[in-house]
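One structure is given here, and the rest of the page talks about it.
Numbering (this note's numbering), first residue to last: 7 to 378.
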């Protein structure tokens, strides 16, 4: 198998399940899809927060969209929310774990008051609802493994304060019912936006997304955010998680990245003007600007942005302008974040350059212009 593949070839291989056998642990940070025969299921079918006004966008042949044409508003009024059924899904093992009817969460280790909590106990704690975007560290440049939802949750810090985590704690380890395990620094667990979620878009957390309880850590890729959690342990030493032991990043900080949702790859455009739009995401610094280019990056034009309530939510962007002269063009979009990090053109590998710590490569979309 060639080690140099385009984004289109990567998605085609993923759709046909080829990559699983060939790459093993390299692709494992996203694993096999729960609900489809592809490596990962959809994740870019989008809907407005208003459930009566939905807008879907799907990569051909990948995920729930089944190759349907993308439908995206030219001027979205709100940050787009992904329907639960279209939110990308990943699994450490084949399928979902069997959850016990009497599920309980253990909180143990270097704490003053070890506890075992039911879901009702957790729901009695102060709750918040927060919008949060999730992205897989294996998401290739311009790929579909990113989605956005509203989550009802408790703050991890509230739980840590309740059990009395001791000040010499170094890391918090999380174990899942499927055997997955990872750890995060104590200061991340105490972060204002570190959450333990039990509802998703106004519904009980679906089993494929971690029922009954999952982690949401700010600024980190999905490989650090376990689902189906059963035990939280305060540690005085460092712990090597499962994917980290396979060579994936221990920090898993999200890199600035963008995707073009319209036009579609190889679309024919015969109008004097056209629109580009898509989504972009970055880490805690947030996005400063998104630019598009019609001339292989020689010149750039700023897009209009629709921002989320925090940097932990993707930014929707759109641009309208004149069509170039007849011909085939590679359309580009790039993010510059508020720390000055900027996407660059890179040669994309079979994993889209994602191993071991994600990618911020620019993914072009080809458009064919012929006016009149």
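We treat Cβ as the ideally placed atom computed from N, Cα and C, and that holds for glycine.
Keep in mind it's a predicted model, so treat the numbers as computed, not measured.
So what's residue i in DSSP terms, helix, strand or just coil?
| i | result |
| --- | --- |
| residue 304 | coil |
| residue 254 | coil |
| residue 90 | helix |
| residue 193 | helix |
| residue 295 | strand |
| residue 179 | strand |
| residue 214 | helix |
| residue 274 | strand |
| residue 248 | helix |
Work out the CA separation of residue j and residue i for me, nearest whole Å.
| i | j | result |
| --- | --- | --- |
| residue 99 | residue 328 | 48 Å |
| residue 370 | residue 336 | 6 Å |
| residue 320 | residue 172 | 35 Å |
| residue 168 | residue 122 | 12 Å |
| residue 347 | residue 261 | 9 Å |
| residue 42 | residue 147 | A caution first: residue 42 carries a pLDDT of 29, below 50, which makes its placement in the model too unreliable to give a value. |
| residue 367 | residue 96 | 22 Å |
| residue 338 | residue 300 | 7 Å |
| residue 106 | residue 125 | 12 Å |
| residue 252 | residue 363 | 12 Å |
| residue 315 | residue 203 | 18 Å |
| residue 372 | residue 334 | 7 Å |
| residue 276 | residue 377 | 4 Å |
| residue 164 | residue 221 | 14 Å |
| residue 214 | residue 92 | 11 Å |
| residue 353 | residue 375 | 25 Å |
If you compare alpha carbons, which of the options is closest to residue i?
| i | options | result |
| --- | --- | --- |
| residue 200 | 361, 137, 367 and 293 | 137 |
| residue 304 | 340, 287, 273 and 325 | 340 |
| residue 257 | 246, 198 and 263 | 246 |
| residue 344 | 366, 338, 288 and 135 | 288 |
| residue 86 | 117, 152, 119 and 108 | 152 |
| residue 170 | 117, 302 and 231 | 117 |
| residue 108 | 218, 91 and 139 | 218 |
| residue 302 | 350, 231, 92 and 150 | 350 |
Going by beta-carbon coordinates alone, are residue i and residue j separated by less than 7 Å?
| i | j | result |
| --- | --- | --- |
| residue 239 | residue 114 | yes |
| residue 186 | residue 248 | yes |
| residue 162 | residue 195 | yes |
| residue 307 | residue 298 | yes |
| residue 103 | residue 184 | yes |
| residue 144 | residue 365 | no |
| residue 112 | residue 233 | no |
| residue 156 | residue 135 | yes |
| residue 94 | residue 224 | no |
| residue 264 | residue 326 | no |
Does the region 121-129 come close enough to the region 175-190 that 3 or more CB-CB pairs lie under 8 Å? no
Below 8 Å, can you find three or more Cβ-Cβ pairs linking the region 202-215 to the region 266-274? no
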